[in-house]
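Accompanying notes for the structure given below.
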Amino acid sequence: MPYYSDMEMGEFDRRVAALLPRPDRSVVAVEPPGDGDGYWAGAPSAVESEGWIYLAYRLRRPIGKGRGYAVVVARSADGERFEPLVVISKDAMEAESLERPTLVRTPEGTWRLYLSCATPGTKHWRVEVLQSDAPDGFSPRDRRVVLPGDEKTGVKDPVIVQHGGRWHLWASCHPLADAAEADQMATEYATSADGLEWVWHGTALNPRAGEWDARGVRVSAVRFTPDGIVAAYDGRAGAAENFEERTGFAIGDDPGALSAIGSAPWASSPYLGGGLRYLEVLTTQDGRLRLFYEVTRADGAHELRTESR
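Following this line, the structure appears as structure tokens:
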């Protein structure tokens with residue numbers, strides 16, 4: 341079975357072609373920390389600097405055995421074989437679980453690691469940032485909340501792009517009024533002058549009623565192109581698909597107003613659950629694209645895969 345949907349060519353946007361995951365052409369970059377359902381390696385974020393590819397990713401065990409227990413920052417010379425540099429634990433962040441990190445290098449050369457942290461005993465999520473002079477120097481002793489959320493909304497999984505002299509952010513936001521409905525998600529858009537103080541501008545991408553992404557949409561990667569903006573996103577139809585989202589794409593001329601394209605997921609796993617999510621797209625210094633993503637394997641575990649275009 342293919343990992344991607346067999347769409348009509350008329351529905352296939354050429355801007356998406358280069359970003360469409362092809363796991364049959366990929367390699368495993370990070371193995372899950374165990375076998376079977378609930379063991380995950382994934383939620384990647386990548387930066388290339390001075391000949392190295394740096395990758396931040398989340399490690400998870402099943403609920404009751406640790407959940408998202410650590411975020412790792414690693415480096416690689418070839419984009420496939422990674423050497424861990426630093427591990428940040430959920431306990432060090434006073435979090436019940438950690439989800440997708442975002443790794444960034446500022447124009448001034450400072451490294452930042454944005455961490456999605458679950459507030460213990462609640463459905464609430466917040467985003468904190470660590471800063472360092474080097475990618476192996478992150479310490480939870482120097483942390484700052486940058487996206488606090490509130491009693492009505494949990495905020496997590498930020499995607500951050502520096503473009504046109506501004507910082508752009510897309511974050512997954514979850515309603516908290518009813519705990520049973522907190523798995524729902526939409527993607528909100530914000531901008532900043534420094535990547536620390538953010539101004540929200542509203543919803544960039546909403547779920548579509550009656551479609552495969554009706555329960556939630558979470559932007560995972562954004563590219564500004566001469567023809568407009570292309571975003572990858574994770575979607576699910578219902579609560580039962582939580583943790584097994586599949587990949588869709590959205591386009592637009594305004595970073596705060598994206599429109600999903602296609603009537604089915606563009607990429608998924610052929611195995612039970614179908615999860616293929618958290619697509620990350622890195623433009624390397626040689627002009628190629630390197631994709632990273634989390635995909636469900638045959639035993640139900642999630643592995644982190646990569647491929648070069």
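Counting in my numbering, the sequence shown runs from 341 upward without gaps.
For each residue, glycine too, the CB sits at the ideal point set by N, CA and C.
The beta carbons of residue 422 and residue 414 sit about 4 Å from each other, so the pair counts as a contact at 8 Å.
Straight through space, the alpha carbons of residue 388 and residue 648 are spaced by roughly 14 Å. Within its own chain, the residues whose Cβ lies closer than 6 Å to the Cβ of residue 472, once the five positions on either side in sequence are excluded, are 451, 478, listed in chain order. Taking the C-beta atoms as reference points, residue 635 is found nearer than 8 Å to residue 645. Shown here, residue 354 sits in a helix according to DSSP, grouped into three states. Secondary structure at residue 515: strand, using DSSP grouped into helix, strand and coil. Of all C-beta pairs linking the region 363 to 380 to the region 618 to 628, fewer than three are shorter than 8 Å, placing the two stretches out of contact. Per DSSP, the beta bridge partners of residue 545 are 527. The region 606 to 617 and the region 534 to 545 do not touch, with fewer than three beta-carbon pairs separated by less than 8 Å. In the DSSP assignment, residue 432 forms no beta bridge with any residue. A Cβ-Cβ separation of about 5 Å places residue 559 in contact with residue 571 under the 8 Å criterion. Around the beta carbon of residue 565, fewer than 16 other beta carbons sit within 10 angstroms, so the residue counts as exposed. Membership of residue 384 in the beta strand (DSSP E) is indicated by the continuous run 380 to 389. Look at residue 537 here: in three-state DSSP terms it is coil, with no helix or strand label. Contact between residue 476 and residue 425 holds: CB atoms are separated by about 4 Å, below the 8 Å threshold. Per DSSP, reduced to three states, the secondary structure at residue 647 is strand.
DSSP, read as helix, strand or coil, puts residue 401 in coil.
Residue 361 is not a Cβ neighbour of residue 598, given a cutoff of 8 Å.
Per DSSP, reduced to three states, the secondary structure at residue 424 is strand. In the three-state DSSP reduction, residue 377 falls in the coil class, being neither helix nor strand. Straight-line spacing of the CA atoms in residue 521 and residue 417 works out to 43 Å. Taken atom to atom, the span from the alpha-carbon of residue 442 to that of residue 535 is near 12 Å.
Here DSSP, grouped into helix, strand and coil, assigns residue 498 to strand. Residue pairing by DSSP places residue 471 opposite 452 in a beta bridge. According to the DSSP assignment, residue 416 belongs to the beta strand (DSSP E) that extends over 408 to 416. With respect to residue 526, residue 513 sits close: the two C-beta atoms are nearer than 8 Å. For residue 588 and residue 459, the gap between their C-alpha atoms comes out near 29 Å. For the options 562, 539, 593, the alpha carbon positioned closest to that of residue 618 is the one of 562.
For residue 507, the CB contacts under 6 Å within the same chain, skipping 5 residues up- and downstream, are 532, 535 in chain order. If only uninterrupted beta strand (DSSP E) runs of at least 3 residues are considered, those enclosed by the region 596 to 621 are 597 to 601.
The beta carbon of residue 419 is closer than 7 Å to those of 393, 630, 646, 648 in its chain, skipping five residues each way along the sequence. Rounded to whole angstroms, the separation of the alpha carbons of residue 488 and residue 467 is 6 Å.
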